[in-house]
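Asks:
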Amino acid sequence: MNQSGNDGHYDVYWPRSPRQVKRTQLAPRLNTLEGKVVAQLWDFLFKGDQVFELLEEEIKTRVPGIRFVNWREFGNTHGNDEREVVAALPAKLKAMGVDAVISGIGA
Amino acid sequence: MTLAAAASVGLGMPDIPTATLRGHPGAQSREEIKRNLGELTAEQVVKRLTTMPPVALDQSEPSATDIYFSGGFEAVNHHFYKNELSDGLPIVPPTRERIEAFLDFTDRDPQEILGVMLPDSRAATIWSIAVNGVMAGCRPEYMPVLVTLVEAMLDPHYGIEHSGNTPGGETLIVLNGPIIRELEFNYTQGVMRDGFLANTSVGRFWRLYVRNVAGFLPHKNDKATYGNTWRVVIAENEEVLARIGWEPICIDNGIAKGKNAVMIARYTGGNILSSVSGSTPEEMMPYLTDGLTKLSSSWQLVFTVGGHGNSLRPLVLLSPIHAEMLSRAGWTKQDIKKYLFAHARVPAWQFERQLRDWSQKPIWNLAEEYRLGHIPEVFCESDDPNRLVPIVCTENDFMIAVTGDPARNSAYVFAHQGELGYPVGREIHLPKDWANKLAAARSND
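Chains as they are written, first to last, in numbering that gives the first Met the number 0: chain F, 0 to 106; chain H, 0 to 444.
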C-alpha cells in the first residue's frame with residue numbers, strides 16, 4: 000500500500016445503513032413427517048413443476064404417510080400478483096392444516 | 000453463495016434451512032432430475048424439516064454516522080474494495096466535509112428514512128444517499144436528483160427486490176426538465192457515452208446504492224447470469240420537443256411537462272438501428288418497427304402474457320431528425336405508439352413457442368390466457384397459428400424518448416425487463432434557495 004506523503008488522510012464514513020428488520024426465530028421442526036401435511040410453493044422457475052412432482056415421489060418412498068398440497072393451490076410466488084399470493088398464504092396454510100412448507104426454486 | 004443463503008440474512012432469517020438441487024434442472028432430462036432428487040435433495044428436505052439447524056450468529060455492523068475508517072487515498076480505496084463497498088473503480092473518500100456539502104443541497108433531515116431497501120432491509124437515509132453520491136464522484140448539487148432516484152427505487156411498482164435476478168438487466172435513468180441544462184447533463188450526441196460528469200457519476204451512484212444499501216453484491220444477492228455495467232444517465236432533448244410540440248416522456252409517468260423528473264426502468268439490453276432512412280413516416284417506420292420487434296420478441300414475451308404479463312414496456316430513443324420529420328408529417332408520440340402496436344407483431348405460433356417450449360412456462364397458451372381474461376382479444380382473434388399478435392398488450396406500453404445526435408438519423412431500442420424493473424417516474428424537488436446555491440457551487444468553475 001502506498002503511504003507516500005501526497006496520499007492524503009481521510010476520515011471516512013460507512014456507505015451502508017442500519018438494517019431495519021428484526022430476526023425471526025425458526026419454527027420448531029417436526030418430530031416426524033409421517034402423517035404430516037407439507038405445502039409446495041413455487042416461483043414458476045427452473046422446471047419446478049417437474050421438480051416438485053418428482054420430489055414428492057421420492058419423499059413418499061421415505062415417508063409413506065406424508066401428504067402434499069400442490070403448488071397449484073397457491074399461485075405463482077414470483078408473478079405479477081406475488082404480493083397478493085404471499086399475503087394470502089398464512090390464512091390458506093392454516094385452513095389447509097399445513098404443518099410445513101417447501102418453497103422453491105432459487106439458484 | 001446461494002441466493003437463499005444471501006437473502007435470508009437481510010430478511011431476518013439467517014438460519015433458514017435450504018436443500019440443494021444438483022446442477023440446473025433446466026439443463027437436465029426428467030430422468031436426471033429424478034436421479035438427482037433421489038440421491039441428494041429428498042433426503043435433505045426430510046432432514047431440514049425434522050432437525051433444527053445450528054443458530055446463525057448475528058453479525059455486528061458499523062454505525063453509519065461514526066468514522067468508519069481512516070487512512071490515505073489508496074488505503075481507503077483498498078479497504079472499501081476489500082469489504083465489497085465499491086465497484087472496483089476508485090471512489091472519492093466520503094469525508095464529513097464532502098458529505099455535508101451534499102446535505103446542503105437538500106432540506107431534508109440527514110437521518111430521515113425514505114424507506115426500507117430490499118433484500119438487505121437497510122434504511123434508505125438521506126445520509127446514505129450523500130455518502131454514496133460522494134463516492135460515485137457526483138457534485139453536491141446533484142443531490143436533489145440522487146434523492147429522487149432513491150425515492151423511485153423504493154416504489155414497489157419498480158421492484159428493487161428483483162435487481163439480482165437471472166437476466167441481469169440494468170437500470171436506465173431518463174431525465175426531464177430544466178435541471179438537465181442546469182446540471183449540464185448531455186442530451187445530444189453520444190448521450191449514452193461516458194465522458195459527461197453528470198450523466199456518468201449519477202449513473203455510477205445508482206449502482207453503488209443498489210450494491211451498498213439494497214445489498215445486491217455479485218456472487219451473493221446479485222445472481223445476474225451476465226449482468227451489465229451501470230448505465231450512463233440520459234436526458235431528453237427538450238429544445239427539440241418544445242419546437243415540434245411533442246410531450247416529454249415524464250408525461251407517461253403522470254408528471255407534467257416542464258417539471259424536473261426522473262424515470263427509471265430496467266433493460267436487459269438494446270440495439271442501435273443505424274441510419275434509419277426515409278423522408279416520410281411510411282418509409283421510415285418499418286425499419287424502426289422491425290428492429291424493435293426483433294429485440295423484444297424473444298424471452299421478453301414472458302412480460303406480455305403469463306405470470307409476469309402485461310408489464311412489457313419497450314423503449315425507443317428517436318433522434319431529433321426523426322422526431323422533426325415525423326412531426327412535419329403531423330405525427331405525435333401517440334401516433335408512433337399506435338403504429339408500433341399495429342405493426343410490431345409476430346405470428347401466434349412463434350409467440351407460443353417462445354414461452355411454452357423454449358422458456359418452459361408450463362401453464363400457458365394465448366387462447367387460455369384470453370379465456371381467463373388476462374389478455375385482450377387482439378391476441379386471440381382466430382385460432383390461426385399464423386395470425387399476427389402484438390408484442391405488448393396496449394399501444395401505451397411503448398415508450399418514446401427524443402435524444403441523441405441531432406445530426407444523425409439513427410434510433411435505439413431497449414429490451415425491457417417487465418415488472419422486474421417497471422418504469423417509475425418521480426418529480427425532483429429542489430431545495431430552498433436552489434438558484435443561489437447552484438450559482439455558488441458553480442462559481443469556481
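Where a beta carbon is used, it is the ideal one built from N, C-alpha and C, also for glycine.
Nearest-angstrom Cα distance between R203 (chain H) and G194 (chain H)?
Replies: The residue given as residue 203 (chain H) occupies position 204 in the second sequence. The residue given as residue 194 (chain H) occupies position 195 in the second sequence. R203 (chain H) and G194 (chain H): Cα-Cα distance of roughly 12 Å.
Asks: Count the other CB atoms, across all protein chains shown, that sit within 10 Å of the CB of N79 (chain F); report buried if there are 16 or more and exposed otherwise.
Replies: Here residue 79 (chain F) is taken as the residue at index 80 of the first sequence, counted from 1. Buried, by the Cβ-count rule.
Asks: Inspect the beta-carbon positions of G417 (chain H) and S310 (chain H) and report whether they are closer than 7 Å.
Replies: Start at 1 with the first residue of the second sequence, and residue 417 (chain H) comes out as number 418. Start at 1 with the first residue of the second sequence, and residue 310 (chain H) comes out as number 311. Contact: yes.
Asks: Out of H:Q43, H:R34, H:L429, point me to the one whose CA is closest to N259 (chain H)'s CA.
Replies: Taking the second sequence and counting its residues from 1, one reaches residue 259 (chain H) at position 260. Comparing Cα-Cα distances from N259 (chain H) to each of H:Q43, H:R34, H:L429, the minimum goes to H:L429.
Asks: In angstroms with no decimal places, state the Cα-to-Cα distance between C379 (chain H) and T23 (chain F).
Replies: Counting from 1 along the second sequence, the entry for residue 379 (chain H) is found at position 380. Counting from 1 along the first sequence, the entry for residue 23 (chain F) is found at position 24. About 47 Å.
Asks: Where does I233 (chain H) fall in DSSP's three states?
Replies: Indexing the second sequence from 1 puts residue 233 (chain H) at position 234. In the structure shown, I233 (chain H) sits in a strand (DSSP, three-state: E or B).
Asks: Could you tell me which chain H residues have their CB closer than 8 Å to the CB of Q49 (chain F), listed as they occur along the chain?
Replies: Position 50 of the first sequence, counting from 1, holds the residue named residue 49 (chain F). The answer, in chain order, is P24, R29, I32.
Asks: Do you know offhand how far W70 (chain F)'s Cα is from Q39 (chain F)'s?
Replies: Along the first sequence, read from residue 1 onward, the residue named residue 70 (chain F) stands at position 71. Along the first sequence, read from residue 1 onward, the residue named residue 39 (chain F) stands at position 40. Roughly 5 Å between the two C-alpha positions.
Asks: To the nearest angstrom, how far is it from the Cα of A213 (chain H) to the Cα of E183 (chain H)?
Replies: Counting from 1 along the second sequence, the entry for residue 213 (chain H) is found at position 214. Counting from 1 along the second sequence, the entry for residue 183 (chain H) is found at position 184. Cα-Cα distance, rounded: 28 Å.
Asks: Here's the rule: buried if 16 or more other CB atoms are within 10 angstroms of the residue's CB, otherwise exposed. What is R206 (chain H)?
Replies: On the second sequence, position 207 is the one that residue 206 (chain H) refers to. So R206 (chain H) ends up on the buried side.
Asks: What is the C-beta distance between P139 (chain H) and A440 (chain H), in whole angstroms, given that I count them as a contact (C-beta under 8 Å)?
Replies: Counting from one through the second sequence, the residue named residue 139 (chain H) turns up at place 140. Counting from one through the second sequence, the residue named residue 440 (chain H) turns up at place 441. Their Cβ separation, rounded to whole angstroms, is 6 Å, which keeps P139 (chain H) and A440 (chain H) in contact under 8 Å.
Asks: Does the stretch 161-170 of chain H come close enough to the stretch 240-254 of chain H to have 3 or more Cβ pairs within less than 8 Å?
Replies: Output reads no: the stretch 240-254 of chain H does not touch the stretch 161-170 of chain H.
Asks: Assign H8 (chain F) to one of two classes, buried (16 or more other C-beta atoms within 10 Å of its C-beta) or exposed (fewer than that).
Replies: For this step, residue 8 (chain F) is matched to residue 9 along the first sequence. H8 (chain F) is exposed by the Cβ-count criterion.
Asks: Measure the CB-CB distance between V304 (chain H) and Y286 (chain H) and report whether it falls below 7 Å.
Replies: By one-based count along the second sequence, residue 304 (chain H) stands at place 305. By one-based count along the second sequence, residue 286 (chain H) stands at place 287. Against a cut-off of 7 Å, the Cβ pair of Y286 (chain H) and V304 (chain H) comes out as no contact.
Asks: For G87 (chain H), count neighbouring C-beta atoms within 10 Å of its own C-beta (all shown protein chains included) and say buried if the count is 16 or more, exposed if not.
Replies: Here residue 87 (chain H) refers to the residue found at position 88 when the second sequence is read from its first residue. It counts as exposed.
Asks: Smallest Cα separation from S59 (chain H): which of F:A87, F:R18, F:V11, F:T31?
Replies: The residue labelled residue 59 (chain H) in the question sits at position 60 within the second sequence. It is F:R18 whose Cα lies nearest to the Cα of S59 (chain H).
Asks: Classify R210 (chain H): buried if its beta carbon has 16 or more other beta carbons within 10 angstroms, exposed otherwise.
Replies: Against the second sequence, residue 210 (chain H) aligns to sequence position 211. Per the 10 Å Cβ criterion, buried.
Asks: Tell me the DSSP secondary structure of Y12 (chain F) in three-state form.
Replies: Here residue 12 (chain F) is taken as the residue at index 13 of the first sequence, counted from 1. The answer is strand: DSSP assigns Y12 (chain F) an E or B state.
Asks: Are any of the Cβ atoms in chain F nearer than 7 Å to that of H321 (chain H)?
Replies: Your numbering for residue 321 (chain H) matches position 322 in the second sequence. Chain F, which has no Cβ nearer than 7 Å to the Cβ of H321 (chain H), makes this no.
Asks: For the pair the stretch 41-60 of chain F and the stretch 377-391 of chain H, tell me if three or more CB-CB distances fall below 8 Å.
Replies: Flag = no, the stretch 41-60 of chain F and the stretch 377-391 of chain H do not touch.
Asks: Measure from the C-beta of S274 (chain H) to each C-beta in chain F and report whether the shortest distance is under 7 Å.
Replies: Within the second sequence, the letter at position 275 stands for residue 274 (chain H). Not one chain F Cβ lies under 7 Å of S274 (chain H).
Asks: Please work out which residues of its chain come closer than 7 Å, Cβ to Cβ, to E351 (chain H), disregarding the five sequence neighbours upstream and downstream, and give them in chain order.
Replies: On the second sequence, residue 351 (chain H) is found 352 positions in, with the first residue counted as 1. The answer, listed in chain order, is N364, L365.
Asks: Which residues mark the beginning and the end of the beta strand (DSSP E) in which M0 (chain H) is found?
Replies: Sequence index remark: in the second sequence, residue 0 (chain H) carries index 1 (1-based). Element bounds for M0 (chain H): n/a, residue is neither H nor E.
Asks: Chain F partners of T124 (chain H), CB-CB under 7 Å?
Replies: Residue mapping note: residue 124 (chain H) aligns to position 125 of the second sequence, counting from 1. Correct list: S16.
Asks: Closest to N30 (chain F) by CA distance: which of F:I65, F:P89, F:D48 is it?
Replies: If you number the first sequence from 1, residue 30 (chain F) lands on position 31. Measuring from the Cα of N30 (chain F), the nearest candidate turns out to be F:I65.
Asks: Along chain H, which residues have their Cβ under 8 Å away from the Cβ of L88 (chain F)?
Replies: Walking along the first sequence from the start, residue 88 (chain F) turns up at place 89. Chain H residues near L88 (chain F): none, gap ~15 Å exceeds 8 Å.
Asks: From S326 (chain H) to A410 (chain H), what distance separates their C-alpha atoms?
Replies: Along the second sequence, read from residue 1 onward, the residue named residue 326 (chain H) stands at position 327. Along the second sequence, read from residue 1 onward, the residue named residue 410 (chain H) stands at position 411. Computed Cα separation, rounded: 16 Å.
Asks: Chain F beta carbons: is any one of them nearer than 7 Å to that of I159 (chain H)?
Replies: Counted from its first residue, the second sequence places residue 159 (chain H) at position 160. No, its Cβ sits nowhere closer than 7 Å to a Cβ of chain F.
Asks: Give the range of the alpha helix (DSSP H) segment to which L56 (chain H) is assigned.
Replies: By 1-based counting over the second sequence, the position of residue 56 (chain H) is 57. That residue, L56 (chain H), is in no alpha helix (DSSP H); it is neither H nor E in DSSP.
Asks: For a cutoff of 7 Å on Cβ pairs, would you count Y421 (chain H) as touching chain F?
Replies: In the second sequence, counting from the first residue as 1, residue 421 (chain H) sits at position 422. No, its Cβ sits nowhere closer than 7 Å to a Cβ of chain F.
Asks: Kindly indicate if chain F contains any beta-carbon less than 7 Å away from that of I128 (chain H).
Replies: Position 129 of the second sequence holds residue 128 (chain H). I128 (chain H) does not count as touching chain F.
Asks: With C-beta atoms as the reference, is S7 (chain H) less than 7 Å away from P16 (chain H)?
Replies: Working through the second sequence from its first residue, we reach residue 7 (chain H) at position 8. Working through the second sequence from its first residue, we reach residue 16 (chain H) at position 17. It is not a contact, given that the beta carbons lie outside the stated cut-off.
Asks: Any C-beta of chain H sitting closer than 7 Å to the C-beta of R22 (chain F)?
Replies: Translated into the one-based positions of the first sequence, residue 22 (chain F) becomes position 23. It does: the Cβ of R22 (chain F) has a partner Cβ on chain H nearer than 7 Å.
Asks: Closest to I104 (chain F) by CA distance: which of H:D119, H:W126, H:K81, H:L2 is it?
Replies: By 1-based counting over the first sequence, the position of residue 104 (chain F) is 105. Out of H:D119, H:W126, H:K81, H:L2, H:L2 has the C-alpha closest to the C-alpha of I104 (chain F).
Asks: What would DSSP say about Y141 (chain H), mapped onto helix, strand or coil?
Replies: The residue you call residue 141 (chain H) lines up with position 142 of the second sequence. Residue state, collapsed to three classes: helix.
Asks: Identify the continuous beta strand (DSSP E) that holds S274 (chain H) and give its terminal residues.
Replies: One-based indexing of the second sequence puts residue 274 (chain H) at position 275. Careful: S274 (chain H) lies outside any beta strand (DSSP E) and carries neither H nor E.
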